[in-house]
Amino acid sequence: MATVELLFSALPEHVRTARLVAAAVARRAGVDEAVLDELRLAVGEACSRAVGLHISNEVATPVRVTLIEEEKKFSIEVGDDAPRAAPLDLTSANGSERHAPGHEDAGADSEDDMGLAVISGLVDDVEVTADEHGGLIRMSWPIAPAAVLP
1 MATVELLFSA
11 LPEHVRTARL
21 VAAAVARRAG
31 VDEAVLDELR
41 LAVGEACSRA
51 VGLHISNEVA
61 TPVRVTLIEE
71 EKKFSIEVGD
81 DAPRAAPLDL
91 TSANGSERHA
101 PGHEDAGADS
111 EDDMGLAVIS
121 GLVDDVEVTA
131 DEHGGLIRMS
141 WPIAPAAVLP
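Just so you know, we're using the working numbering here: the sequence shown kicks off at 1 and counts up by one.
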């Protein structure tokens with residue numbers, strides 16, 4: 001399992017670099033060329049969301065991007081250290097969003113919700129988790145089988 005880790009200061013100008021690195025590593029891993037634009041957009045959205053959360057919560061730690069090449073899939077994790085009032089768990093497989101038991105939705109930020117909706121629309125396999133220590137968006141794409149040369 002090959003892994004690439006990228007840490008960057010929570011500045012909007014670094015999001016483009018993260019997108020370009022993610023697309024280059026995904027291409028090298030064997031992700032289908034047809035989905036690279038969607039991958040780039042999803043990574044850009046996830047990184048922009050993390051940068052915004054760091055800035056609004058005055059978090060000084062870097063945004064984390066981890067690119068993981070596994071046998072049959074390529075995963076990207078975008079992590080932030082911005083604390084959340086209530087744990088969140090969103091999985092696109094069933095399209096449901098679940099807060100911790102007993103939590104009443106206190107009106108989540110609509111821009112944050114829009115970003116998650118965009119990511120869920122671009123990526124079939126996405127998981128979003130968040131708690132008082134920060135959040136993580138994990139996105140996965142299948143890897144195309146390597147062509148056998150004669």
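In this text, a Cβ means the ideal position worked out from N, Cα and C, and glycines have one as well.
All figures in this text were calculated on a predicted structure; none of them were measured in a lab.
Give me the residue from the options with the minimum Cα distance to residue i.
i, options, result
"residue 15", "32, 28, 30, 64", "64"
"residue 131", "114, 85, 139, 122", "85"
"residue 46", "113, 70, 68", "113"
"residue 5", "37, 62, 49", "62"
"residue 54", "11, 127, 118", "11"
"residue 8", "144, 133, 71, 81", "81"
"residue 37", "51, 52, 119", "119"
Would you mind stating whether residue i and residue j have Cβ atoms separated by less than 9 Å?
i, j, result
"residue 78", "residue 136", "yes"
"residue 31", "residue 142", "yes"
"residue 123", "residue 39", "yes"
"residue 129", "residue 66", "no"
"residue 69", "residue 1", "yes"
"residue 126", "residue 22", "no"
"residue 115", "residue 56", "no"
"residue 29", "residue 74", "yes"
"residue 83", "residue 52", "no"
Per DSSP, residue i is paired with what?
i, result
"residue 73", "142"
"residue 5", "66"
"residue 136", "79, 129"
Could you have a look at residue i and say whether DSSP puts it in helix, strand or coil?
i, result
"residue 61", "coil"
"residue 107", "At residue 107 the pLDDT is 44, less than 50, meaning the model places this residue with poor confidence and gives no usable figure here."
"residue 101", "For residue 101, the predicted structure reports a pLDDT of 41, less than 50, and the residue's modelled location is therefore unreliable. The matter cannot be settled from this model."
"residue 94", "Residue confidence for residue 94 is low, a pLDDT of 39 falling below 50, so the modelled location carries little weight; the figure read from the coordinates is stated next. Residue 94: coil per DSSP, three-state reduction."
"residue 31", "strand"
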